[in-house]
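Peer 1:
Residue numbers (the working numbering): 12 to 409.
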């Protein structure tokens, strides 16, 4: 039970609310993917500059998590969460009105820094309330619900583009942030009581990062998780150009294929929520990185053979992205259990590494962009191999 509450929520309602908060990232990223080519045309900039708005967002999201995790360990979850969402709301408003690509890049940076609070602290609240095995199950259920965002967001973005320009997408994100702020204000209590914080200073809270990153198994898990997410964001940043411009599909059809990949993530998250009750989390982590690496090998081999088509590529993409909840939910649960007194910092370490890997991935896809599927497939291949090397590397086995 929650220790204090403005409004007491049953567990199911709490999980739904936390899933909505965790959805800040997919909502902010996936809704505007169908609009990337239009943004490039409207602002009269090349594709790589528009892709930079995604890379900057991922970097800002990663950096925001590093700030919010230990600060919430020191001052509590609720005030930090509300402050972050407020920053997200203001930045979304700025995104609606900018006229230049550099202005959009800066606004997206602050939008990401604010949104990072909702994404990481929603997961940290789970660790506050549930033991490790149950936390992994609840995180997987949250991911099932959160995956509705990447299914519905690109469809909503494509639908908005039928009736309005790309700025309407950021107006929608502004509304999403405002609703989330009100829900947190009225319904989410403080879950990390002052007496549980151990009187640590902010410097001590921030110092938890050094201990986590100097722990070889924790470091290996962090990099492996970041690599699988890096592969996901190679798909996210490159897929609209691959499917719309290279394969010649319409934005609406692309949104349907994107939704299919999101459904694969949802199914994997649901299955994972059941498996965590019967299978050791470490076993699931190892299986996840192996499958991701094999999917990356398949995609690069397919592209290099000249036989790549929208549906053959889709198969490899679905296999890779389905491993994201396996690494995301289980990896975060394992690391938070390893560092129970620094759960915020532990969650932030994994979350920041994931979105940091995504930023590197998006920049790599943009740098290698040649009008074909090569950059997306090559980056996914590389990150798949990295995930295996770091999870199974000497001295890094959990």
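Backbone N, C-alpha and C define an ideal beta-carbon position, used for all residues, glycine too.
Out of 261, 334, 367 and 356, which has the shortest C-alpha to C-alpha gap to residue 74?
Peer 2: Minimum Cα distance to residue 74 is reached at 367.
Peer 1: Once DSSP output is grouped into helix, strand and coil, what is the label at residue 291?
Peer 2: Residue 291 falls in the coil class under three-state DSSP.
Peer 1: In terms of alpha-carbon separation, which member of 371, 339, 370 and 99 lies closest to residue 357?
Peer 2: Nearest option by C-alpha distance: 339.
Peer 1: Determine the direct distance from the alpha carbon of residue 305 to that of residue 399, and round the result to whole angstroms.
Peer 2: Residue 399 and residue 305: Cα-Cα distance of roughly 10 Å.
Peer 1: What did DSSP end up calling residue 329 once you bin it into helix, strand or coil?
Peer 2: Helix.
Peer 1: Which of the three DSSP states, helix, strand or coil, is assigned to residue 53?
Peer 2: Correct three-state label for residue 53: helix.
Peer 1: Between which two residues does the alpha helix (DSSP H) containing residue 121 stretch?
Peer 2: Start and end: 112-140.
Peer 1: DSSP three-state call for residue 314: helix, strand or coil?
Peer 2: Three-state result, residue 314: helix.
Peer 1: For the alpha helix (DSSP H) containing residue 87, list its first residue and its last residue.
Peer 2: Element bounds for residue 87: n/a, residue is neither H nor E.
Peer 1: Cβ atoms of residue 273 and residue 342: under 8 Å apart, would you say?
Peer 2: No, the Cβ-Cβ distance between residue 342 and residue 273 is not below 8 Å.
Peer 1: For the alpha helix (DSSP H) containing residue 362, name the first residue and the last one.
Peer 2: From DSSP, the alpha helix (DSSP H) with residue 362 extends over 354-379.
Peer 1: By DSSP, does residue 201 sit in helix, in strand, or in coil?
Peer 2: If DSSP states are grouped into helix, strand and coil, residue 201 belongs with coil.
Peer 1: Should residue 134 be labelled buried (16 or more other beta-carbon atoms within 10 Å of its own) or exposed?
Peer 2: Buried: at least 16 other Cβ atoms inside 10 Å.
Peer 1: Can you confirm whether the stretch 57-73 touches the stretch 157-175 when touching is taken to mean that 3 or more C-beta pairs between the two stretches lie within less than 8 Å?
Peer 2: No: fewer than three Cβ pairs fall under 8 Å.
Peer 1: For residue 397, does the count of other Cβ atoms within 10 angstroms reach 16, so buried, or fall short, so exposed?
Peer 2: Buried, since its Cβ has 16 or more Cβ neighbours within 10 Å.
Peer 1: Is DSSP giving residue 404 helix, strand or coil here?
Peer 2: In this structure, residue 404 counts as coil in the three-state DSSP scheme.
Peer 1: Would residue 116 and residue 56 be called neighbours here (beta carbons separated by less than 8 Å)?
Peer 2: No.
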